[in-house]
Structure formats: structure tokens, C-alpha cells
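**Student:** Here the protein sequences line up with chains A and B, keeping their order.
Residues 15 to 371 in my numbering are what the first sequence spells out, letter by letter.
Residues 209 to 483 in my numbering are what the second sequence spells out, letter by letter.
Note that CB positions come from ideal geometry on N, CA and C, so glycine has one too.
Take a look at this one; I'll ask things after.
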Amino acid sequence: MSHRLKQALPNLILALLLMAASLAVIIYLSQTRLRVSGTDLTSIGLLLGGLIFYAGVIVIVRLFENETVLTIALLLPSIVAVAVFVYGFIAWSVRVSLSRWKGLLPDFTYVGLKQYIDLSTDPRFMIDIRNTAIFTTGFLLGCIILGLGLAILLDQKIKGEAIFRGIFLFPMSISFIATGVVWGWLMNPATGSRITGLNLIFQTLGLDFLISRWHTSAPPWGMAFTVIPAVWQLTGFTMALYLGGIRSIPEEVREAARVDGATELEIYRYIILPYLQPVTLSAIIILGHMSLKIFDLIVAIGNKNIRLDVPGIYMWTTTFDGTNYAQGAAIGILMLISVAILVVPYLVYSMRTEAQI
Amino acid sequence: MRTHFTPIRIFYYLILAAMAVFFLLPVYMMLLTGVKPLSEVDLKTMWQLPTDGIRFENFIAGFRQLAPNIKNSLSMVIPAALISSLLGSFNGYLLSKWRFRGSNLIFTLILFGMFIPYQSILIPLVRFMQFMRLYGDIPGLVLVHVIYGIPITTLIFRNYYATISTEIIEAGRIDGANLFGLYRHVVFPLSPPSFAVVIIWQFTQAWNEFLFAVVLTNQSHWPVTVALNNLAGSQLVQWNVLMAATLLAALPTLLVYIFLGRYFLRGLMAGALKG
């Protein structure tokens with residue numbers, strides 16, 4: 015025993031030194047403030063102090079030579095961070111949504127489901143739900159039809175396939191804000207002598223029937239036009255998903271069908287499309303949850319125009335412009351529920367299938 | 209099978225070309241508008257090529273508008289991407305090679321954090337950041353991107369490490385390497401491709417992010433997305449400058465896509481879980 019202790023001693027001293035040093039840093043920082051060229055780094059310093067302390071703890075945990083305990087100890091910072099910043103904050107938001115906090119000072123007076131009941135008769139929130147439904151439908155249909163179509167086209171031994179793929183995918187690397195700003199200009203609704211953007215192209219080409227007021231059309235059609243930039247941005251991603259699916263079908267399967275006398279069209283109809291169903295499910299879940307959360311794209315196009323309002327924007331304005339924190343929290347939680355209904359079954363399913371392997 | 213230019217194949221190329229025009233149109237418009245001299249900027253002639261040579265005055269004006277914000281974005285995005293990738297690498301290693309009872313459940317619970325609408329945690333987050341005095345400035349935003357980046361970075365590394373055969377790990381263990389030794393001598397040397405994927409992914413995400421940026425920073429620390437949105441909403445900036453500024457704001461991630469597209473795509477596909 016004393017032999018083991020002797021072996022462990024250097025590590026023990028190291029651990030104690032780390033912990034003592036970090037405690038000194040933490041105590042020092044909590045009494046003064048750390049400023050580096052105008053930026054307040056006190057909290058970051060405290061965080062680093064905490065991490066050094068934690069390193070000391072890890073050194074001690076290592077001495078027990080139990081690998082499971084060590085693994086959990088090493089994962090702990092991430093687990094705690096997610097537990098607090100995701101689950102803890104959700105619980106906190108739920109509590110705020112059950113209060114009547116309005117104004118800058120927190121007011122946690124419990125009022126039950128009042129915020130949710132108020133929202134259910136709130137005309138603006140009804141517009142938001144309608145807009146989200148329009149956007150989601152158009153966005154999913156547009157991305158899936160165009161994405162699948164492009165994937166099938168690119169599967170026809172196209173020359174320059176890589177170039178086309180590159181062109182269809184590049185919008186994925188751009189921010190929704192930049193997309194919204196540019197498309198806001200392309201979809202300029204001005205007419206007459208100020209006609210510009212896409213409308214100008216249509217006029218020049220003699221396609222006057224295509225000239226439109228775009229996203230400024232009367233509700234609910236204005237919202238439908240915001241789908242165009244969103245589809246522009248995510249069709250490439252959907253195409254890549256489908257192309258990956260198509261490419262993972264062994265060539266022998268297609269060859270066997272050809273030998274059996276199937277035409278290329280039949281091969282797509284009876285072999286490839288059924289095979290792609292799981293890809294469609296993934297696409298629906300990923301695109302669907304994005305569309306339920308859609309926020310920055312609409313902000314950039316609509317500039318808080320009430321006709322293009324969505325829950326994400328309502329939450330933002332009611333909370334930070336209207337200081338109606340309770341209502342903002344309720345909208346946030348409703349958004350979370352809608353996303354969870356879509357995503358949680360998928361996550362649980364993924365975990366189950368993986369556990370079987 | 210040889211391919212011939214049959215009518216149907218020409219039709220395929222026509223559709224693809226038309227789609228390519230649709231995808232490139234916004235970039236063409238931004239470039240075209242950006243390189244025109246101020247005297248030629250007119251809504252009526254926005255699609256016509258410049259008649260008097262190419263100028264860069266719009267880009268210079270746009271850059272002047274956004275320069276402080278580009279600096280803010282860079283000083284936020286680079287640390288966020290680097291810290292995220294280190295954290296994700298270690299989490300992924302532990303969750304794929306050192307599984308324990310409940311590790312899959314923990315992983316799934318972490319993963320859920322990737323899908324939540326951030327509006328559902330925004331009020332507590334703002335209060336917390338104010339309490340920690342991290343509100344308004346870049347370090348706070350870095351912290352937020354690192355924490356909410358844990359799910360995706362852990363996912364990408366975990367899936368990558370799952371492809372490292374257990375035999376290599378077992379061999380390392382027989383040679384007496386412990387958890388840290390295996391990471392340092394076996395797993396980490398195999399990781400550079402994944403680091404590239406994760407760093408590029410986090411760089412793009414943090415650069416393009418808007419909600420956290422607009423809520424958690426004050427005007428002097430606005431990242432480029434917030435500044436661009438503000439520029440677009442103001443009446444003071446001419447639209448040709450705005451288009452040039454938009455292209456500048458999109459340029460870093462666009463360049464990453466053009467030159468490191470392979471890695472960017474892998475991050476993109478990892479977000480689709482197992483597809």
C-alpha cells in the first residue's frame with residue numbers, strides 16, 4: 015500500500031498544485047476584474063480557472079484506475095454544459111412561459127397556461143402558424159422535387175457532373191441573411207418606370223405574365239414567394255442526399271433488372287425510388303425542422319413586415335422590443351414542441367437501431 | 209455503356225443549364241452591380257454589362273462599411289471553431305471507443321441540442337450572459353458557439369472514430385497505452401481529416417449565424433451578419449454598395465466552399481445523421 019502511495023505521490027502533488035493554483039486565480043478574479051483592451055475577460059478567466067481545477071480532479075480520478083469513471087469524468091464538462099444550456103434553459107423558459115413577466119424586471123408570478131391560451135386567440139400568432147404552414151409545404155415540396163430531379167439527372171452519366179454539383183451546392187455555404195438580402199433585391203416588387211430585378215428580366219423577355227409583386231403580394235401568397243430563396247439555398251443539399259442514396263445502390267441490382275428486361279424508367283419506378291424512401295424521410299426531418307425554426311432568412315427578406323411574420327420573429331420582437339418575456343418564452347416553447355414532435359422519434363429510432371449493432 | 213448525344217440527353221443538359229442559371233443568377237447580379245462605376249448604377253440597367261470598364265469603388269465602399277464587423281466575425285469564428293473541434297474530438301473519442309452503460313443515451317441527449325430552436329433557450333441565455341458579464345462582447349459569443357456546437361462536433365468525430373477498427377485500439381491497449389495514450393498515439397494522428405471537416409463546419413456556422421449574434425452583442429461588436437442585415441434595412445446605403453457588401457460578407461465561407469468543398473460537404477452530410 016505504501017508502495018502504491020509512493021507511486022501516486024507525484025501525481026497527487028501535481029493535482030493539489032493545480033487545484034491550489036486555480037483556486038488562487040478564481041479568488042483573485044472574483045475580487046478584481048480582468049480587462050484586456052476593453053474586453054471584460056473576468057468570466058472567461060474564471061472559466062479557465064475552473065477548468066484547471068477540473069484538470070486537478072482528473073489527475074486524482076486517474077489514480078483510481080477505473081476507466082469507466084475516468085471516461086465519465088472526462089465527458090462531464092460537455093454533459094454539464096449541455097445539461098445547463100439546453101435542458102436547464104428549456105426548463106427555465108418553461109417556467110418563464112408560465113409567469114406574467116412583462117417589462118424589464120423579472121416577475122415569476124405563476125399564471126398557469128395563460129400565455130399559451132392567449133396565444134391561441136392571438137391574431138398575429140395565427141398569421142405565424144399559417145405562414146409557417148405555407149412556408150414548410152412549399153419549402154419541402156420545392157427542395158424534394160427539385161433535389162430528387164437534379165439527382166436523377168446527374169445520375170445519367172452527365173459530362174461535367176462535378177461542376178453542376180458544385181453550382182447547385184454552393185448556396186449552402188452562404189448565410190440566410192446574405193441570401194435574403196440578395197433575393198430581396200431580385201424580387202423587387204416595383205413596377206412601371208422603376209421596374210427592376212427579376213421583373214425587369216421578364217419584361218425584357220416579353221414574359222409579362224410572370225411579373226409579380228413577389229413577397230409583397232397580398233397574404234397568403236407573399237409568404238409563398240419567400241420559399242424561392244429558401245429552395246435556392248437548400249435544393250443542392252437535398253440533391254446531395256439523394257445522389258448519395260442513388261450511388262449507394264449496387265450497380266449489380268440495376269444490371270440484374272436490365273437483364274430481366276426492365277426499362278430505365280421501370281428501374282427508377284420500381285427499384286431506385288423505393289430504395290430512396292429513407293432518404294426522403296431524412297430530408298423531410300432535416301428540412302422540416304429548419305423550416306419550423308426559420309428566422310434569419312425571413313428577417314432579411316421581410317424586414318419584420320407583419321405579413322411575413324413567423325414564430326421565430328414574433329418571439330424575438332415580443333421579447334426584446336416589447337419586453338413581454340412570458341409571451342416570448344411561450345412562443346419559444348411552442349416552437350420547441352413542434353420541432354421535438356418531428357425530431358425525437360427519429361433520434362430515438364437512430365439510438366435503438368444503433369444499440370442493436 | 210457509351211453515351212451519345214440523343215435528343216433526350218440534349219434535353220437533360222438544357223434543364224441542367226437552366227437550373228445552373230437559376231443558381232448563379234444572384235451571384236452574377238452581385239458581381240455585375242459591384243463592378244459598375246457609380247455613374248452607371250441604375251435600376252433600369254441593372255442587368256446590362258458595364259460600358260466603361262470595371263471599377264471596384266463599390267467593393268471599397270462596402271468594405272469600409274463592414275470592415276469592423278468582418279474583424280469581429282473573424283475574432284469570434286476562429287477561436288470558436290478551434291475550441292469546438294478539440295472538445296468534439298475528445299467527446300467523440302470517449303463516446304465511440306470507451307462506451308459504458310448509458311453512453312448511447314447520453315449521446316442521444318446531447319444530440320437533441322443540435323435540433324432545438326434557439327428561441328426556446330434565448331431568454332435564460334441572455335439573463336445568464338448578463339449575469340456572467342459576458343453579454344455584448346465577443347468572448348461570450350465564442351462561448352455560446354462552443355457550447356451549442358458540442359452536439360454536431362461530437363457527432364462528426366464519433367461517427368468518424370467509429371470507423372477506426374477496434375483491433376488497432378485493442379493492440380494499443382495490449383501495448384500498455386491507457387485512455388490518454390491511445391488518444392495521443394493512435395486516435396489523434398488519424399484525426400486530421402475530421403478536424404478539417406469540423407473546423408470548416410463550425411467556421412461556416414458561426415460566420416453565418418444571426419440569432420445569437422443579434423441578441424448577444426452590442427453594436428460595436430456586431431458580427432458581419434448583423435451588420436449586413438442592418439445595412440440592408442437602412443435607407444442611407446445605395447443598393448450597389450449593398451450588393452458589393454453582401455458579396456464581401458459571403459466571401460469567406462464561399463472561398464472555404466470553393467477550395468475545401470470536399471470537407472465542407474462531409475460536415476453537411478454528417479448533419480443529416482445517418483441519412
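Please tell me whether Gly242 (chain B) has its Cβ less than 8 Å away from any Cβ of chain A.
**Tutor:** For the purposes of this step, residue 242 (chain B) is identified with residue 34 of the second sequence, where counting begins at 1. False, the Cβ-Cβ gap to chain A never drops below 8 Å.
**Student:** Identify the residues that DSSP records as bridge partners of Arg217 (chain B): which are they?
**Tutor:** As a first step, residue 217 (chain B) must be located in the second sequence, where it is residue number 9. Beta-bridge pairing links Arg217 (chain B) to no other residue.
**Student:** Tell me which same chain residues have a C-beta within less than 8 Å of the C-beta of Leu168 (chain A), skipping the five on either side of it?
**Tutor:** Counting from 1 along the first sequence, the entry for residue 168 (chain A) is found at position 154. Excluding sequence neighbours, Leu168 (chain A) sits near Glu175, Phe178, Arg179, Met253 and Leu257.
**Student:** Can you list the residues of chain B that Ser92 (chain A) reaches, using a CB-CB cut of under 8 Å?
**Tutor:** Sequence index remark: in the first sequence, residue 92 (chain A) carries index 78 (1-based). In chain order: Leu295, Asn299, Ile318, Ile358 and Thr362.
**Student:** Per the DSSP calculation, Gly344 (chain B) is bridged to which residue(s)?
**Tutor:** Taking the second sequence and counting its residues from 1, one reaches residue 344 (chain B) at position 136. B:Thr425.
**Student:** Grab the span of the alpha helix (DSSP H) containing Gln273 (chain B) for me, first residue to last.
**Tutor:** By 1-based counting over the second sequence, the position of residue 273 (chain B) is 65. Here the alpha helix (DSSP H) through Gln273 (chain B) covers Glu265 to Lys305.
**Student:** Could you say which of B:Phe403, B:Phe308, B:Leu439 and B:Ala414 lies nearest to Ala314 (chain A) if we only look at CA atoms?
**Tutor:** Numbered from its first residue, the first sequence carries residue 314 (chain A) at position 300. The shortest Cα separation from Ala314 (chain A) among B:Phe403, B:Phe308, B:Leu439 and B:Ala414 belongs to B:Leu439.
**Student:** Would you list the residues sitting across from Tyr124 (chain A) in a DSSP beta bridge?
**Tutor:** As a position in the first sequence, residue 124 (chain A) is number 110, starting the count at 1. Residue pairing from DSSP places Tyr124 (chain A) in a beta bridge opposite A:Ser113.
**Student:** So is Glu165 (chain B) buried or exposed if we call it buried at 16+ other beta carbons inside 10 Å?
**Tutor:** Absent from the structure is residue 165 (chain B), since the part of chain B shown begins at 209 and ends at 483.
**Student:** Using only the alpha-carbon positions, how far apart do Gly346 (chain A) and Phe139 (chain A) sit?
**Tutor:** In the first sequence, the residue the question calls residue 346 (chain A) occupies position 332. In the first sequence, the residue the question calls residue 139 (chain A) occupies position 125. Straight-line Cα distance between these residues: approximately 12 Å.
**Student:** Counting only beta-carbon separations shorter than 8 Å, does Val100 (chain A) have a partner in chain B?
**Tutor:** Translated into the one-based positions of the first sequence, residue 100 (chain A) becomes position 86. It does: the Cβ of Val100 (chain A) has a partner Cβ on chain B nearer than 8 Å.
**Student:** Can you have a look at Tyr471 (chain B) and say buried or exposed, based on whether 16 or more other CB atoms are within 10 angstroms of its CB?
**Tutor:** Position 263 of the second sequence, counted from the first residue, corresponds to residue 471 (chain B). Under this definition Tyr471 (chain B) is a buried residue.
**Student:** Cβ atoms of Ile181 (chain A) and Ala228 (chain B): under 8 Å apart, would you say?
**Tutor:** For this step, residue 228 (chain B) is matched to residue 20 along the second sequence. For this step, residue 181 (chain A) is matched to residue 167 along the first sequence. Against a cut-off of 8 Å, the Cβ pair of Ile181 (chain A) and Ala228 (chain B) comes out as a contact.
**Student:** Closest Cβ-Cβ distance between Lys307 (chain A) and chain B: below 8 Å?
**Tutor:** Your numbering for residue 307 (chain A) matches position 293 in the first sequence. It does; some Cβ of chain B falls within 8 Å.
**Student:** Residue range of the alpha helix (DSSP H) that Asp142 (chain A) falls in?
**Tutor:** The residue you call residue 142 (chain A) lines up with position 128 of the first sequence. Its alpha helix (DSSP H) spans residues Pro137 to Leu168.
**Student:** Can you check which of these residues, B:Asn448, B:Thr433 and B:Arg263, is closest to Met254 (chain B) by C-alpha distance?
**Tutor:** Walking along the second sequence from the start, residue 254 (chain B) turns up at place 46. Cα-wise, what sits closest to Met254 (chain B) is B:Asn448.
**Student:** Using only the alpha-carbon positions, how far apart do Trp235 (chain A) and Ile209 (chain A) sit?
**Tutor:** In the first sequence, the residue the question calls residue 235 (chain A) occupies position 221. In the first sequence, the residue the question calls residue 209 (chain A) occupies position 195. Trp235 (chain A) and Ile209 (chain A): Cα-Cα distance of roughly 20 Å.
**Student:** Starting from Glu269 (chain A), trace the alpha helix (DSSP H) in both directions and tell me its first and last residue.
**Tutor:** For the purposes of this step, residue 269 (chain A) is taken as the residue at position 255 of the first sequence. Secondary structure note for Glu269 (chain A): its alpha helix (DSSP H) is the uninterrupted segment Glu265 to Val273.
**Student:** Quick one: Cα of Ile218 (chain B) to Cα of Gln256 (chain B), how far?
**Tutor:** Translated into the one-based positions of the second sequence, residue 218 (chain B) becomes position 10. Translated into the one-based positions of the second sequence, residue 256 (chain B) becomes position 48. Going by the C-alpha atoms only, they are around 29 Å apart.
**Student:** Classify Thr53 (chain A) as helix, strand or coil using the three-state DSSP reduction.
**Tutor:** Working through the first sequence from its first residue, we reach residue 53 (chain A) at position 39. Note: Thr53 (chain A) maps to strand in three-state DSSP.
**Student:** Suppose the cutoff is 8 Å on Cβ atoms and the five residues either side in sequence are ignored; what does the same chain contact list for Ile371 (chain A) look like?
**Tutor:** Counted from its first residue, the first sequence places residue 371 (chain A) at position 357. The predicted position of Ile371 (chain A) is uncertain, since its pLDDT is 46 and thus under 50; no value can be drawn from it.
**Student:** Please say whether Thr362 (chain B) and Val195 (chain A) have beta carbons closer to each other than 8 Å?
**Tutor:** Position 181 of the first sequence holds residue 195 (chain A). Position 154 of the second sequence holds residue 362 (chain B). Using a Cβ distance threshold of 8 Å, Val195 (chain A) and Thr362 (chain B) do not count as a contacting pair.
**Student:** Whole angstroms is fine: what's the gap from Leu462 (chain B)'s alpha carbon to Leu31 (chain A)'s?
**Tutor:** As a working mapping, residue 462 (chain B) is identified with position 254 in the second sequence. As a working mapping, residue 31 (chain A) is identified with position 17 in the first sequence. Those two C-alpha atoms are separated by around 47 Å.
**Student:** Does Gly117 (chain A) come within less than 8 Å of chain B when only Cβ atoms are used?
**Tutor:** Looking up residue 117 (chain A) in the first sequence gives position 103. Judged by the 8 Å Cβ criterion, Gly117 (chain A) is not in contact with chain B.
**Student:** Using the three-state DSSP reduction, which class does Gln446 (chain B) fall into: helix, strand or coil?
**Tutor:** Working through the second sequence from its first residue, we reach residue 446 (chain B) at position 238. Note: Gln446 (chain B) maps to coil in three-state DSSP.
**Student:** Please report the straight-line C-alpha distance between Asn426 (chain B) and Arg283 (chain A), rounded to a whole angstrom.
**Tutor:** The residue you call residue 426 (chain B) lines up with position 218 of the second sequence. The residue you call residue 283 (chain A) lines up with position 269 of the first sequence. Rounded to the nearest angstrom, the two C-alpha atoms are 55 Å apart.
**Student:** Leaving aside the five residues before and after Arg76 (chain A) along the sequence, list all residues of the same chain whose C-beta is less than 8 Å from its C-beta, in chain order.
**Tutor:** The residue you call residue 76 (chain A) lines up with position 62 of the first sequence. Correct list, in chain order: Asn25 and Leu84.
**Student:** Should the stretch 50–64 of chain A be regarded as contacting the stretch 281–297 of chain B, the criterion being three or more beta carbon pairs within less than 8 Å?
**Tutor:** no
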